[in-house]
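In our numbering, the protein residues as written are 19 to 318.
Next comes the structure, spelled out in structure tokens:
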């Protein structure tokens with residue numbers, strides 16, 4: 019605040035008390051701050067590049083919004099960079115800038131199980147997206163491909179019958195293919211000998227944003243009933259060949275906190291209920307179909 023020469027002279031003559039009173043009066047009588055521009059009145063660029071996560075994925079502006087199904091954990095740096103909620107900052111996350119997990123039913127649903135057309139198995143899979151600092155040294159098998167997306171089940175082309183045996187070869191599933199760009203383990207729980215099945219890569223982008231890499235995985239379901247932090251380890255193809263799969267040296271590790279593993283496990287148990295229900299129904303149908311068969315004795 020600027021003090022006029024007249025007020026400055028009076029400050030000198032009357033002391034600091036008068037100065038303080040003058041400043042307080044000036045602050046109280048100053049023009050009020052300009053009101054914030056309403057969200058709808060902002061430019062597209064202002065909303066897109068300055069809006070926070072809550073502006074897009076919550077009911078903050080009393081409008082419909084895309085619901086985010088992912089369970090997040092990230093560093094403070096990531097939260098600041100992408101304007102994410104502070105509540106999901108996890109200081110115990112190590113080896114990654116951020117992780118985001120969800121269950122999804124993207125893909126094909128198989129029906130006709132157990133001889134009934136209405137017995138359908140929902141295609142539920144667990145996805146895990148990992149955001150790395152671009153300086154992270156991951157054991158890439160090849161580096162000439164910047165990005166790729168090969169998650170099946172989300173395009174209508176997956177429902178078109180192939181025209182020949184060579185049609186639409188699975189890029190990473192046939193002899194002679196280059197294979198997945200990264201090799202990883204699975205959730206290895208630190209407080210037990212429990213682990214999960216190996217993760218499968220679905221997409222990656224080595225230049226997702228300046229300074230940020232993104233790698234997405236599927237088949238990343240946690241193990242129900244295990245309460246422990248977990249680690250995901252990356253290893254090189256050379257190490258896999260050298261040890262014939264009994265990996266001894268890892269190039270990079272991600273540590274997931276116990277709190278984060280607990281959150282995704284609770285989500286997994288709740289969202290896996292459709293598969294559990296159909297399993298019970300199939301078992302019951304099977305037992306009912308064998309009633310009266312003298313050669314059938316189900317285990318109790």
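Every residue, glycine too, gets a C-beta built ideally from N, C-alpha and C.
Three-way DSSP call (helix, strand, coil) for residue 211 in this model: coil
Proximity winner among 138, 262, 119, relative to residue 128 (alpha-carbon distances): 138
Segment contact, 8 Å Cβ cut-off, at least three pairs: the stretch 136-150 with the stretch 104-112: no
Extent of the continuous beta strand (DSSP E) run through residue 116: 116-122
Segment contact flag, the stretch 207-217 with the stretch 232-243, C-beta cutoff 8 Å, min 3 pairs: yes
Among 145, 231, 245, 227, nearest to residue 207 - alpha-carbon criterion: 245
Alpha-carbon to alpha-carbon, residue 250 and residue 292: 28 Å
Proximal residues to residue 307 (C-beta, below 7 Å), its chain only, five neighbours per side dropped: none
Whole-angstrom distance between residue 300 and residue 205, CA atom to CA atom: 30 Å
Local Cβ density within 10 Å of residue 247, reported as buried at 16 or more and exposed below that: buried
Which listed residue (90, 69, 60) has its alpha carbon closest to that of residue 121: 90
Contiguous beta strand (DSSP E) assignments of at least 3 residues, all confined to the stretch 66-110: 89-92
Option in 159, 163, 196, 242 with minimal Cα separation from residue 294: 242
N-terminal and C-terminal residue of the alpha helix (DSSP H) that residue 287 is part of: 276-289
Short Cβ contact (7 Å threshold) for residue 256 with residue 267: no
Sub-7 Å separation of residue 132 and residue 269 beta-carbons: no
From 149, 69, 305, 165, residue whose alpha carbon lies closest to that of residue 272: 149
Coarse secondary structure for residue 312, derived from DSSP in three states: coil
Beta-carbon proximity of residue 202 to residue 252, cut-off 7 Å: yes
Residue 166 vs residue 278 beta-carbon contact at 7 Å: no
C-alpha distance - residue 312 paired with residue 290, whole-angstrom precision: 35 Å
For residue 231 and residue 152, believed in contact at Cβ under 8 Å, the rounded distance: 5 Å
Rounded C-alpha distance that separates residue 158 from residue 196: 12 Å
Which of helix, strand or coil DSSP assigns to residue 219: strand
First through last residue of the alpha helix (DSSP H) which encompasses residue 10: Here the chain comprises residues numbered 19 to 318, so residue 10 is not present and cannot be evaluated.
C-beta contact flag for residue 164 and residue 225 at 7 Å: yes
Beta-carbon spacing of residue 115, residue 93 below 7 Å: yes
Proximal residues to residue 110 (C-beta, below 6 Å), its chain only, five neighbours per side dropped: 275
Sheet register partners of residue 201 (DSSP bridge): 253
Exposed unless 16 or more other CB atoms sit within 10 angstroms - verdict on residue 219: buried
Contact set for residue 72: own chain, Cβ-Cβ below 8 Å, skip 5 residues either direction: 78, 103
According to DSSP, residues forming a beta bridge with residue 303: Beta-bridge pairing links residue 303 to no other residue.
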